[in-house]
Amino acid sequence: MTTEPITERLDDPASARESGRQKIDWARQHMPICAALREEFVETQPLAGQRLGMAMHVEATTAVLTETLAAAGAEVAITGCNPLSTHDDVSAALDAQEGITSYAERDVDDEGYYDAIEAVIAHEPTITVDDGMDMVAAIHDDHPELIDSILGGCEETTTGVHRLRAMDDDDALDYPVFAVNDTPMKRLFDNVHGTGESSLAAIAMTTNLSWAGKTVVVAGYGFCGRGVAKKAAGQNANVVVCEVDPRRALEAHMEGYEVLPMAEAAAEGDVFITTTGNRDVLTEEHFERMKDGALLANAGHFDVEIDLDALGELAESTREARPGVREYELSGGKRLNVLAEGRLVNLAAPIALGHPVEVMDQSFGVQAVCVREFTEEEYEPGVHEVPDALDREVAEIKLDAEGLAIDELTETQTEYMGSWDHGT
Ligand code: NAI
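Here's what the structure looks like:
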């Protein structure tokens, strides 16, 4: 294993650090939840003596979380959770902080990506924070001797939680992990608004094309798909939804979207955005039906939703049409444009920024209280729901920061809501 911290690998680490620090400072100003928790953590040092191993999208908001956890007394080692989502300048700025080592670097190959995960694991983490579960998997596969000293882990995204539940069902998950993704404070905001806004913004910035009047095909009408569909409709696009779950399809229909199988939608779409967390959603039969010039983007976690191998085989030639856009020319001259190599477009496109800062403040507020929770309570191995009190704590901090007040249940109301003997 040869991976060094990012600082050792950059030509001009000083200017990278400065630019990264500027991005982090901007994010920090708009992250009141992390700021409030940091204030508490500096005082109480809940993570003193803990070693955190993180594999996340290393951009400015993640840096604010990382620094919040370091301020709580932890020694933190971090790397990316996707080869294209790291901002090297942010990574360098983090690496310069006391108590933080960053191995994240953009555009590494698979070997470099997994070497960096190994480098984080070499710090022997006592708590892990993952986005997609690659760190948990590497620890279980190659370093099971560390598991006894791990208090727990936190998982940020739907795909990671799916993988963890599958592992748990096979009795193969040997330490406790919180499904951070599944909390209301995360999923109803990050997946819906965050993915919706940032995916559309990244596609628009990468292509410089308009949404108005376009037909946008959204594959998957889950939390992310709902956000993407709603924001695309808000930009005057015609939205078509493709689903495999009849209830989600009905929901999309009742929202006023056209619902079609992909085999039919393929011929209609100007832009395709996959948000299923599944594989092979856009395949050869669909590419063959698509219009010339169609844009193909993935907003799901892994780069398997668009079958790029099949597209590569179908194509007579490919070229970079613009930074972040690979054009595949098929026989007969039809061109299909894949954004960000089919990786999650809102983070992996060349100028993608990821979710809006305020949204990440909520997700990372939940991460921070979950990490703290492992130092206060012992949990059994397996996937755990985040305790509701923690999610509420984060919501209350946010409401307070927004200057919003809400009502409180009276004693009579609480008693009424908990009773079963008040009929007509
Ligand atoms: P979800 O489970 O709520 O929704 C996925 C939907 O896709 C479900 O309704 C399912 O029925 C549908 N689906 C599955 N296979 C399909 C197929 N072959 N064709 C059509 N529909 C299909 O999951 P959620 O929270 O919406 O997450 C989706 C993906 O996005 C996951 O990989 C997650 O990790 C990722 N994600 C990405 C983010 C980003 O920043 N781009 C942020 C949050 C999540």
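Number 424 marks the last residue of the sequence shown (the UniProt record's numbering); no jumps.
Glycine included, every Cβ here is placed at the ideal spot set by N, Cα and C.
Small disclaimer: the values here were computed from a predicted structure and weren't measured.
query                                                                                                                                                : result
Taking 9 Å as the CB-CB limit, is S363 close to chain D?                                                                                             : Reference to chain D is not applicable here, since this structure consists of a single protein chain.
If I measure Cβ to Cβ from T283 and keep anything under 8 Å in the same chain, skipping five residues before and after, which residues do I get?     : D307 and A310
If you drop the 5 nearest sequence neighbours on each side, which residues of the same chain put their C-beta closer than 7 Å to that of M133?       : E155, G160, R163 and L164
Helix, strand or coil for M1, going by three-state DSSP, please let me know.                                                                         : Caution is warranted here: a pLDDT of 49 is assigned to M1, below 50, making its placement in the model unreliable, and no coordinate value can be reported.
Where does C154 fall in DSSP's three states?                                                                                                         : strand
Give the straight-line distance between the Cα atoms of D89 and G256, rounded to the nearest whole angstrom.                                         : 43 Å
Using the beta-carbon count (16 or more within 10 Å), is T206 buried or exposed?                                                                     : buried
Does the stretch 345 to 354 come within contact of the stretch 36 to 55, defined as at least 3 CB pairs closer than 8 Å?                             : no
For L339, which beta-bridge partners are listed by DSSP?                                                                                             : V325
Need the endpoints of the beta strand (DSSP E) that F178 sits in, please.                                                                            : P176 to A179
Put I306 into one of helix, strand or coil per three-state DSSP.                                                                                     : strand
For residue 425, verify whether its CB is less than 8 Å away from any heavy atom of the ligand NAI.                                                  : Within the shown structure, residues of the chain are numbered from 1 to 424, placing residue 425 beyond reach of any answer.
To which residues does DSSP link S102 through a beta bridge?                                                                                         : I78
So what's R51 in DSSP terms, helix, strand or just coil?                                                                                             : strand
Closer than 8 Å: is that where the CB of T207 sits relative to any heavy atom of the ligand NAI?                                                     : no
Taking the alpha-carbon of D131 as reference, which of T157, M185, T101 and V64 has the nearest alpha-carbon?                                        : T157
Along the chain, where does the beta strand (DSSP E) containing I139 start, and where does it finish?                                                : That residue, I139, is in no beta strand (DSSP E); its alpha helix (DSSP H) goes D134 to D142.
Looking at C-beta atoms only, is the number of pairs between the stretch 121 to 131 and the stretch 28 to 37 that lie closer than 8 Å three or more? : no
Over what stretch of residues does the alpha helix (DSSP H) that includes T207 continue unbroken?                                                    : T195 to T207
Exposed or buried, which one is G102 when buried takes at least 16 other CB atoms within 10 Å?                                                       : The question names Gly, but residue 102 is Ser in the sequence shown. By the neighbour-count rule (16 or more Cβ atoms within 10 Å), S102 is buried.
Span of the alpha helix (DSSP H) holding T68?                                                                                                        : A60 to A71
Identify whether L164 lies in helix, strand or coil by the three-state DSSP scheme.                                                                  : helix
To the nearest angstrom, report how far apart F189 and G332 are at their CA atoms.                                                                   : 43 Å
Thinking just about the alpha-carbon of each residue, which of G99, G80 and A92 is nearest to the one in V108?                                       : G80
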